[in-house]
Amino acid sequence: MTQSVETEAPVTVTGTPVAGRDPRLRWALLAVGLVAALALPWFVYPPVAMDIVAMALFAIALDILLGFTGLLSFGHAAFWGSSAYVTGLVATHYGVPFPVAVVGGAVFAMILAVPLGYLSIRRSGIYFAMVTLAFAQMVYFVAYQWSDLTGGENGLQGVPRSFFGIDLVETESFYFYYAALPILLLGMWAAWRIVHSPFGRVLVSIRDNTQRARALGYEVEKYKVMAFVLSAGLTGLAGGVFAINHGFVALTELHWSTSGEVVLMTVLGGIGTLWGGILGAFLAVMLADYLASSGFSGIDLVTGTVFVLVVLLFRRGIWGTVRHQWLARRLRRSSSRRSPADADPAKR
Amino acid sequence: MNAVLQYAVQGLAAGSFYALAALGLAVIFGVLGVVNFAHGAFYMLGAVAAAVLLDTLDLSLWWSLLVVPVLMFGFGVAVERLLVQWLLRLDPLYNFLLTFGLTLVLVELVKQRYGVSGLPYELPGPLQGRFDLAGVVLPRYQLFVLLFSLAICVLVWLVMTRSRVGMIVRASTEKPDLARALGINVGRWVTPVFGFGVALAGLAGVLAAPFRAITAEMGNNFAIILFAVVVIGGLGSIVGAVVAGFLVGLVEAFGQAYAPTFAQIFIFVLMALIILVRPAGLFGRKEATA
């Protein structure tokens, strides 16, 4: 996969993922990630730990579109929030174990994503961001007005956490974390599979050169809608777990600020890296938690400033910067043996 | 009939805020290639500035209509010089994100300074009350807003079509590459045009001050509806922005009158229809896709 080398790269950064070239490194990273995920509730208040992992999957799902398809969705709160509501409603009215409710929420998010995706991908680039934002606002208003169902401004309260009658999980956040973690890890694995599948390669080709992908016979629109729906489904998984974790669904989950927050996490972690989303979510949730507990009220002031600074000075994001440095170093060490084509990712 | 006319005037008055602000958004997008997320925040700042000027310096609406756009022009120039200019050569998404971050900061600052409850704003005497037009009673202020915005739009249109500056800006807006090829220094117009667009948003804010609750949050939903407006009108088009602005105002007013639950939703349904039938927008051309 050769890309044109530009220092002023568009939103997307990548090449072959670092870990993809070295299976040992990939397994090491996976092991570290898994240990970190398992150890997290020992060091972080368990409900917050759960938020981190849920937000991480949210950011990763967004990255499938932003980093690997070249579409900035500024309306993903629609899928996160609607899944949270559906999950909450299913759990409340049917008393099913929470994973079932979460799957229900994710399915709803995917169904919602079909018309919204179909309409939104008719515009590309910056228009896509505006259109998704507007549609998400429409979903927000629907939820706001339909207060019989959603509780309106009061939110959906008292969402139960039913889990096959196992008391520990139902009452203690610490154990709930381990019951819900597999759902989210499965979602992350699915994202990784999507990105590294032939389907994912087509997405990357659409991102890098839509005309050429079309000329090669790929139905670009169909691929974009599929990526959109898959991304919405994974977002839905995350949103559902989030709802169960809090036992409460607020209108905020559908608000445009939530869409912005997840974009920040993805950009902060590094667009087109998947791993970066986890780091971005960790930092953003921990920062919000720290500010909230220290009684600071102007959290948007911090979020907004971070946004401006990251976009101005740190566009590669954390993981992107690490990968860039790592590749550059490896390139220096073996520059004589490598062909110029291999050098491309390092320059980005 | 009476009621319909009242709703129409109310809709057109609300539409003037959208039209003026969308005009600013379209010009900025045209010349800079930037979709300014902070446009709603600038609109809010315009309204807050008018309220503060009235409260502290006792400057009435008449003065605010003059002073605030000038202040906002300066503010826009500062924002462009300090922040926006560094990202102009990159993908437009970066400036979209930058201005999003700026929006969060501006809204939060105003919230911290002026609280969450609305600031009061009183109209100057001649604009208060109602106006009886052959049996149809209309609020004077709405008529004023409508006429004033139309005048501004016509003025902008005259400048755009009849003056050299306007020709250059129009050329840079609609065909930037061709304009460059013809030897026009498009870059020179970047900063003033950004300031001008921000001033228009601020002006819309001043006009909205007596009409809407003046809060830090007032620009948030406004910005999103503004995006729907420019998607409907076609972002590359100046006329489209104005026409779609008034159209969306009408949809909103009649929606509020006959089906208040769905008033906001209608706007987005209209946008969805336009995307389906005419993806480039009412007045957009296909190449306008960024």
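Top line first, the protein sequences correspond to chains A and B.
Just so you know, we're using the numbering used here here: the first sequence kicks off at 1 and counts up by one.
Just so you know, we're using the numbering used here here: the second sequence kicks off at 1001 and counts up by one.
Glycine included, each C-beta is placed from N, C-alpha and C at the ideal position.
Going by alpha carbons, who is nearest to residue i out of the options?
{"i": "B/Pro1176", "options": "B/Val1110, B/Asn1002, B/Trp1062 and B/Val1027", "result": "B/Val1027"}
{"i": "B/Ala1014", "options": "B/Gly1255, B/Arg1162 and B/Ser1172", "result": "B/Gly1255"}
{"i": "A/Ala77", "options": "A/Leu283, A/Phe58 and A/His196", "result": "A/Phe58"}
{"i": "A/Thr321", "options": "A/Leu279, A/Ala61 and A/Asn245", "result": "A/Leu279"}
{"i": "B/Leu1065", "options": "B/Pro1120, B/Leu1200, B/Met1160 and B/Thr1261", "result": "B/Leu1200"}
{"i": "A/Ala86", "options": "A/Pro46, A/Pro198, A/Val44 and A/Ala143", "result": "In the sequence as presented, Ala is not what sits at residue 86 of chain A; that position holds Val. Out of A/Pro46, A/Pro198, A/Val44 and A/Ala143, A/Ala143 has the C-alpha closest to the C-alpha of A/Val86."}
{"i": "A/Arg323", "options": "A/Gly81, A/Ala288 and A/Gly276", "result": "A/Gly276"}
{"i": "A/Phe74", "options": "A/Val310, A/Gly272 and A/Phe228", "result": "A/Phe228"}
{"i": "A/Glu153", "options": "A/Thr252, A/Leu29 and A/Asp289", "result": "A/Thr252"}
{"i": "A/Gly155", "options": "A/Gly81, A/Tyr118, A/Arg24 and A/Leu38", "result": "A/Gly81"}
{"i": "B/Met1072", "options": "B/Val1198, B/Glu1217, B/Ala1272 and B/Ser1016", "result": "B/Val1198"}
{"i": "A/Leu203", "options": "A/Gly272, A/Gly247, A/Ala179 and A/Leu309", "result": "A/Gly272"}
{"i": "A/Phe164", "options": "A/Ala179, A/Gly151 and A/Leu89", "result": "A/Ala179"}
{"i": "A/Gly88", "options": "A/Gly158, A/Ala328 and A/Phe135", "result": "A/Gly158"}
{"i": "B/Val1079", "options": "B/Trp1062, B/Ala1259, B/Pro1192 and B/Ala1171", "result": "B/Pro1192"}
{"i": "B/Ala1051", "options": "B/Val1035, B/Thr1099, B/His1039 and B/Val1068", "result": "B/Val1068"}
{"i": "B/Gly1166", "options": "B/Val1277, B/Val1186 and B/Phe1100", "result": "B/Val1186"}
Considering only residues of the same chain and omitting the five flanking positions on each side of residue i, which have a CB-CB separation below 8 angstroms?
{"i": "A/Val285", "result": "Val48, Asp51, Ile52 and Met55"}
{"i": "A/Phe128", "result": "Leu71, Leu72, Ser73, Ser120 and Ile121"}
{"i": "B/Val1190", "result": "Val1031, Leu1032, Glu1080, Gln1085 and Leu1088"}
Buried or exposed for residue i, going by 16 or more other Cβ atoms inside 10 Å?
{"i": "B/Gln1128", "result": "exposed"}
{"i": "A/Asp22", "result": "exposed"}
{"i": "A/His255", "result": "buried"}
{"i": "B/Ala1181", "result": "exposed"}
{"i": "A/Glu172", "result": "exposed"}
{"i": "A/Trp326", "result": "exposed"}
{"i": "A/Thr7", "result": "Confidence at A/Thr7 is low in this model, with a pLDDT of 36, below 50, so the placement of that residue is unreliable and no value is reported for it."}
{"i": "B/Ser1163", "result": "exposed"}
{"i": "A/Leu168", "result": "exposed"}
{"i": "A/Ile166", "result": "exposed"}
{"i": "A/Tyr177", "result": "buried"}
{"i": "B/Pro1210", "result": "buried"}
{"i": "B/Gln1010", "result": "buried"}
{"i": "B/Glu1122", "result": "exposed"}
{"i": "A/Phe296", "result": "exposed"}
{"i": "B/Asn1036", "result": "buried"}
{"i": "A/Ala101", "result": "buried"}
{"i": "A/Glu219", "result": "exposed"}
What is the DSSP secondary structure of residue i, reduced to helix, strand or coil?
{"i": "A/Gln137", "result": "helix"}
{"i": "A/Pro47", "result": "helix"}
{"i": "A/Leu283", "result": "helix"}
{"i": "A/Gln157", "result": "strand"}
{"i": "B/Ile1292", "result": "The structure shown does not extend to residue 1292 of chain B, since chain B is modelled only from 1001 through 1290, so no value can be given for it."}
{"i": "B/Arg1130", "result": "strand"}
{"i": "B/Val1169", "result": "helix"}
{"i": "A/Thr14", "result": "Because the pLDDT of A/Thr14 is 48, which lies under 50, any placement of that residue in the model is unreliable, and the question is left without a value."}
{"i": "B/Leu1319", "result": "Residue 1319 of chain B lies beyond the range of chain B shown here (1001 to 1290); nothing can be said about it."}
{"i": "A/Phe164", "result": "coil"}
{"i": "B/Val1004", "result": "helix"}
{"i": "B/Val1137", "result": "strand"}
{"i": "A/Val249", "result": "strand"}
{"i": "B/Ile1028", "result": "helix"}
{"i": "B/Ala1272", "result": "helix"}
{"i": "B/Leu1203", "result": "helix"}
{"i": "A/Leu216", "result": "coil"}
{"i": "B/Ile1214", "result": "strand"}
Please return the same chain residues whose Cβ sits closer than 6 angstroms to the Cβ of residue i, not counting the five positions on each side in sequence.
{"i": "A/Val263", "result": "none"}
{"i": "A/Ile244", "result": "Phe98 and Arg161"}
{"i": "B/Thr970", "result": "The structure shown does not extend to residue 970 of chain B, since chain B is modelled only from 1001 to 1290, so the question has no answer here."}
{"i": "B/Thr1289", "result": "With a pLDDT of only 42 at B/Thr1289, under the threshold of 50, the placement of this residue in the model should not be trusted, and no figure is reported."}
{"i": "B/Ser1237", "result": "Phe1283 and Gly1284"}
Going along the chain, which residues of its own chain have a beta-carbon closer than 7 angstroms to the beta-carbon of residue i, five neighbours each way excluded?
{"i": "B/Gly1240", "result": "Gly1233, Gly1234, Gly1281, Leu1282, Phe1283 and Gly1284"}
{"i": "A/Pro99", "result": "Ile183"}
{"i": "A/Ala106", "result": "Ser83, Gly233, Gly236, Leu237 and Gly240"}
{"i": "A/Met265", "result": "Met55, Ala59, Gly277, Gly280, Ala281 and Ala284"}
{"i": "B/Met1271", "result": "Ala1228, Val1231 and Ile1232"}
{"i": "B/Phe1226", "result": "The sequence as given places Leu at residue 1226 of chain B; Phe does not occur at that position. Hits under 7 angstroms: Tyr1018, Ala1021, Ala1022, Leu1025, His1039 and Gly1040."}
Legend entry - Validate contact between the segment 107 to 121 of chain A and the segment 223 to 238 of chain A using beta carbons, cut 8 angstroms, 3 pairs: yes
Legend entry - the segment 58 to 71 of chain A contacting the segment 300 to 309 of chain A, beta-carbon criterion three pairs below 8 angstroms: no
Legend entry - Given 8 angstroms, three or more beta-carbon pairs between the segment 1045 to 1057 of chain B and the segment 1150 to 1161 of chain B: no
Inset, instruction - Determine contact between the segment 1016 to 1036 of chain B and the segment 1260 to 1268 of chain B, defined as no fewer than three beta-carbon pairs at a distance below 8 angstroms. - result: no
Inset, instruction - Select from the segment 117 to 140 of chain A all residues with a C-beta closer than 7 angstroms to any C-beta belonging to chain C, and list them in chain order. - result: Checking the listed chains, one finds no chain C in this structure; the protein chains it contains are A and B.
Inset, instruction - Assess, as a yes-or-no matter, whether the segment 89 to 105 of chain A is touched by the segment 22 to 39 of chain A under the definition of 3 or more beta carbon pairs within less than 8 angstroms. - result: no
Inset, instruction - Could you tell me whether the segment 1086 to 1095 of chain B touches the segment 1202 to 1212 of chain B, where touching means 3 or more Cβ pairs closer than 8 angstroms? - result: no
Inset, instruction - Could you tell me whether the segment 1007 to 1023 of chain B touches the segment 1134 to 1150 of chain B, where touching means 3 or more Cβ pairs closer than 8 angstroms? - result: yes
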